[in-house]
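S.K.: Handing you this structure, nothing more for now.
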Amino acid sequence: MATHRLVCLANSIKLGGHCVAGLRVDGNGWIRPISELPEGELMTRQCTCDSGVEVAPLDLVEVEVGGHRPLVNQSENFLVTNTPWKLLARPAPVSLATVVRKAIVLSPPLLGCTASRRSIHDFPAGQHAASLALVAPDQPRWEVTTSSRNKMQVRCSFELGSTTYNLAVTDPAWKRRFRSLPFGLHRGSSVGLSPADRLLLCVSTGEPYGGYCYLLVAAVIVLDAGWRSALLK
66 MATHRLVCLA NSIKLGGHCV AGLRVDGNGW IRPISELPEG ELMTRQCTCD SGVEVAPLDL
126 VEVEVGGHRP LVNQSENFLV TNTPWKLLAR PAPVSLATVV RKAIVLSPPL LGCTASRRSI
186 HDFPAGQHAA SLALVAPDQP RWEVTTSSRN KMQVRCSFEL GSTTYNLAVT DPAWKRRFRS
246 LPFGLHRGSS VGLSPADRLL LCVSTGEPYG GYCYLLVAAV IVLDAGWRSA LLK
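Following the numbering used here, the residues of the sequence shown are numbered contiguously, the last one being 298.
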């Protein structure tokens with residue numbers, strides 16, 4: 066067992082449960098706590114802190130994890146324990162911006178992709194690929210559409226260098242902003258963003274589906290003035 070302090074950067078939807086990920090404050094990279102369930106999703110009680118609040122992006126939390134459980138497409142997985150998580154600060158202090166800034170990707174490829182997905186045959190055998198990254202796009206675009214399973218889906222398009230990405234959003238809080246909007250393209254102002262707002266996206270490589278691992282926007286974080294200044298100098 067090991068206890069780590071993390072800046073939480075995603076609490077997204079996964080098969081009716083949660084997918085949580087964060088950066089270690091000691092600078093040693095990402096951790097995605099997973100359960101013993103076949104797909105590793107967390108139940109709500111497993112990502113609820115001892116104060117009774119569910120962990121959210123930009124929280125500073127203390128988390129105990131067990132053994133490393135990497136997959137070929139996800140190197141950051143660690144088995145969660147039964148010890149309740151501790152919420153240390155909401156939001157995390159801006160002094161941790163140095164740790165977060167190092168995880169921001171500035172140019173493609175993004176998690177090994179120059180598109181929205183990666184073939185399961187593209188992952189080298191015997192290795193474990195990074196599956197979590199941050200992006201701070203200037204002008205992301207939004208679309209309300211339907212998924213291949215005929216469910217409402219929100220998609221985010223953004224440029225990274227000369228490459229355009231178009232990814233499904235699995236951040237439940239962000240998706241709720243679009244529930245009353247019609248299908249089609251939308252500006253940020255439609256969901257309460259101002260021209261001065263800047264976003265931090267947590268991008269994750271999902272589970273294999275139809276022979277591919279799709280990139281997903283696991284969290285959309287609206288940066289407050291302090292974090293915006295510290296991250297986007």
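Glycine included, each C-beta is placed from N, C-alpha and C at the ideal position. This one's a predicted model, so the numbers in the text were calculated from it and none came from an experiment.
Taking the alpha-carbon positions, what's the PRO173 to PHE223 distance?
M.R.: Here residue 173 corresponds to residue number 108 of the sequence shown, with the count starting at 1. Here residue 223 corresponds to residue number 158 of the sequence shown, with the count starting at 1. Going from the Cα of PRO173 to the Cα of PHE223 covers about 12 Å.
S.K.: If you follow the beta strand (DSSP E) that GLY249 is in, where does it begin and where does it stop?
M.R.: Locating residue 249 in the sequence shown gives position 184, counting from the first residue. First-last of the beta strand (DSSP E) with GLY249: 249–251.
S.K.: Does the segment 244–255 touch the segment 165–183, meaning 3 or more C-beta pairs lie closer than 8 Å?
M.R.: Because the criterion of three Cβ pairs below 8 Å is not met, the segment 165–183 and the segment 244–255 do not touch.
S.K.: With PRO205 and LEU264 assumed to form a contact (beta carbons below 8 Å), what rounded beta-carbon distance in angstroms separates them?
M.R.: The residue labelled residue 205 in the question sits at position 140 within the sequence shown. The residue labelled residue 264 in the question sits at position 199 within the sequence shown. Yes, they are in contact, since the Cβ atoms of PRO205 and LEU264 sit about 6 Å apart, within 8 Å.
S.K.: Pop quiz: SER140 and ALA284 are said to be a contact at Cβ under 8 Å. What is the actual Cβ separation, rounded to whole angstroms?
M.R.: Taking the sequence shown and counting its residues from 1, the one referred to as residue 140 is at position 75. Taking the sequence shown and counting its residues from 1, the one referred to as residue 284 is at position 219. Wrong, their Cβ atoms sit about 19 Å apart, outside the cutoff.
S.K.: Ordered along the chain, which non-local residues of its own chain (more than five positions away) have a Cβ less than 7 Å from that of SER116?
M.R.: The residue labelled residue 116 in the question sits at position 51 within the sequence shown. The answer, listed in chain order, is LEU152.
S.K.: Three or more beta-carbon pairs under 8 Å between the segment 227–246 and the segment 152–169, yes or no?
M.R.: No: the two stretches stay apart, fewer than three of their Cβ pairs being nearer than 8 Å.
S.K.: Just list the beta strand (DSSP E) runs in the segment 163–240, keeping only unbroken ones of 3 residues or longer that don't cross its boundaries, in chain order.
M.R.: DSSP runs (the beta strand (DSSP E)) wholly in the segment 163–240: 182–184, 197–200, 206–211, 217–225, 228–234.
S.K.: If you draw a straight line from the C-alpha of ARG293 to the C-alpha of LEU123, how long is it?
M.R.: The residue you call residue 293 lines up with position 228 of the sequence shown. The residue you call residue 123 lines up with position 58 of the sequence shown. Computed Cα separation, rounded: 12 Å.
S.K.: Please specify which runs of the alpha helix (DSSP H), each continuous and at least 4 residues long, are wholly inside the segment 68–129, giving them in chain order.
M.R.: List check, alpha helix (DSSP H) in window: nothing returned.
S.K.: Taking PRO103 as the reference, give the member of PRO237, PRO273, VAL282, ALA295 with the closest Cα.
M.R.: Residue numbering aside, residue 103 sits at position 38 when the sequence shown is read from its first letter. Checked all of PRO237, PRO273, VAL282, ALA295; the closest Cα to PRO103 is PRO273.
S.K.: Would you call the segment 195–212 and the segment 130–147 in contact, with 3 or more CB pairs under 8 Å?
M.R.: Segments in contact, yes.
S.K.: Check the DSSP bridge columns for LEU37 and list the partner residues they point to.
M.R.: Because the chain here runs from 66 to 298, residue 37 falls outside it and cannot be looked at.
S.K.: For ASP289, which option in ALA162, GLU119, GLU101 has the closest C-alpha, if you only look at C-alpha atoms?
M.R.: Position 224 of the sequence shown holds residue 289. Among ALA162, GLU119, GLU101, the Cα nearest to that of ASP289 is on ALA162.
S.K.: Given this structure, state the Cα-to-Cα distance separating GLY249 from ASN215, to the nearest angstrom.
M.R.: In the sequence shown, counting from the first residue as 1, residue 249 sits at position 184. In the sequence shown, counting from the first residue as 1, residue 215 sits at position 150. Spanning the two alpha carbons is a distance of roughly 15 Å.
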